[in-house]
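In the numbering used here, the protein residues as written are 8 to 450.
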């Protein structure tokens, strides 16, 4: 092995050994950041599987920092051996193909329950993961079932975060082992997990399943404190058309989902973006995807819409894209969530919960599976979300801005009010996970 890389591995392992809050996940590479930190040049392209498995793990890291706890975070994908790297690349390509093609999406349930367990990423990450955590004696927070299962099999004490309000079969693999505990979004998911264990004839004590709420970055939760319904109404109904605007974000996922819907919505928003003055300000989140950034850029060029700087909150149109998941996520946290009134997104376990926690209404694109249908239902019932109609989005916005609700309130204002009044459980998941992890240290 390259002596410089071996030194990096040893340093990372030492940091995990000393951390009060050791964290593992499988989400994406961050070669630029790691290389910059250690003055080392990786010769691989960045890989992204999921924003959720990164952002939720990061929420615990940030919470630990705010609580003056030492922490370290490792994604073994960054340190896969050269001979195994193509396994990682293949896994990403399969996942992205499923995410972007309707026919493959329809058979995703079969892939989740059968094929995914046979994909080679588990073998690829096993060696670096177990090397890093070999000497860790404290309970480990895991934000991916692959890391959780491998660490439990190695005899480590693990708090496994279930990263959606949905129990995939992989979470049940080690459910009968007492060195494994779970952190789940809500009571319904807890019952589903206990039912699944019973179905698999595995003994899972209810005391090992902790209802913590969704893990949201505390910085996103903090952003809601700058917002209020009164501020929104004052701006949205401002008598000067130069001041009045609706602030929207539109987002894709880690694998580049909902591209067709996003294209339709952009075209529906065109009259608002090109009006004098514009009635809408739009932030377009491309994640790490070059094709999405190109789509957003070409749309602006074709219609002579000026693309503002990423941080310019007065700009009509902005594009956020990162070189890797760390970079992309920081741009969301810094420049979209604190600013937006509403977010157009699929109902995912990260973007939907983050947006609502930031005090935003949700206009939801097509869900990717039954767990996202459940998330859509949750936020619709709370009055925060509606299903977006991409083909008629312009007329949908016109309807939602009418003062049609009680006290002549618009749907936008009502949904923001509901988001700002979210139950504490939706805002404190990361802190609850930290508290649970620290409690496990005392057992």
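Note that the Cβ used here is the ideal one computed from N, Cα and C, for glycine as well. Treat the numbers as computed from the prediction; the structure is a model and nothing was measured.
Asked	Found
Would you call the CB atoms of residue 95 and residue 131 closer than 9 Å?	yes
So, at 8 Å on beta carbons, what are the nonlocal neighbours of residue 153 in its own chain, with the 5 sequence-adjacent residues on each side left out?	33, 128, 129, 132 and 177
I need the DSSP call for residue 375, collapsed to helix, strand or coil.	coil
Can you tell me where the beta strand (DSSP E) with residue 409 in it begins and where it stops?	Note, residue 409: premise wrong, no beta strand (DSSP E); not H, not E.
Does any residue of chain D bring its CB to less than 9 Å from the CB of residue 315?	Absence of chain D from the displayed structure is noted, only one protein chain being present.
Would you check if the segment 405-420 and the segment 147-165 touch, i.e. whether three or more CB-CB distances between them fall below 8 Å?	no
Would you call the segment 268-277 and the segment 230-248 in contact, with 3 or more CB pairs under 8 Å?	no
Excluding five sequence neighbours on each side, which residues of the same chain lie with their C-beta closer than 8 Å to the C-beta of residue 88?	131, 134 and 135
Residues in the same chain with beta-carbon distance under 7 Å from residue 269, minus the five sequence neighbours each way, listed in chain order, please.	257 and 259
Compare the Cα-Cα distances from residue 54 to each of 36, 41, 349 and 82 and report the closest residue.	36
Using 10 angstroms around the beta-carbon of residue 120, count the other beta-carbons present and answer buried if the total reaches 16, otherwise exposed.	With a pLDDT of 48 at residue 120, under the threshold of 50, the modelled position of this residue cannot be trusted, and the question is left open.
Could you check which residue in 188, 220, 307 and 103 has the C-alpha nearest to that of residue 322?	307
Please list, in chain order, all residues of the same chain as residue 395 whose beta carbon is under 8 Å from its beta carbon, the five residues on each side excluded.	268, 272, 351, 370, 371, 372 and 403
Have a look at 13, 92 and 30 and flag the residue whose alpha-carbon is nearest the alpha-carbon of residue 441.	30
If you run the structure through DSSP and keep just helix, strand and coil, what is residue 369?	strand
Tell me where the beta strand (DSSP E) around residue 205 begins and ends.	Premise fails: residue 205 lies in the alpha helix (DSSP H), 194-206, not in any beta strand (DSSP E).
Inspect the beta-carbon positions of residue 171 and residue 355 and report whether they are closer than 9 Å.	yes
Please look up how many angstroms separate the CB atoms of residue 411 and residue 227, rounded, as I've assumed it's under 8 Å.	Not a contact, Cβ separation roughly 30 Å.
Are the segment 283-301 and the segment 328-335 in contact at 8 Å, needing three or more beta carbon pairs?	yes
Under 9 Å, do residue 224 and residue 444 count as touching if we go by C-beta distance?	no
Return the first residue and the last residue of the beta strand (DSSP E) that residue 242 is part of.	It is not in any beta strand (DSSP E) - residue 242 instead sits in the alpha helix (DSSP H) that spans 236-243.
Going along the chain, which residues of its own chain have a beta-carbon closer than 6 Å to the beta-carbon of residue 28, five neighbours each way excluded?	71, 76 and 78
How about residue 419 and residue 253: do their beta carbons lie closer than 9 Å?	yes
Between the Cα of residue 426 and the Cα atoms of 446, 447 and 386, which residue gives the shortest distance?	386
If you follow the alpha helix (DSSP H) that residue 290 is in, where does it begin and where does it stop?	No alpha helix (DSSP H) contains residue 290, which is instead part of the beta strand (DSSP E) from 287-294.
Take the Cβ of residue 318 as the centre, count every other Cβ of all protein chains shown within 10 Å, and call the residue buried at 16 or more, exposed below.	exposed
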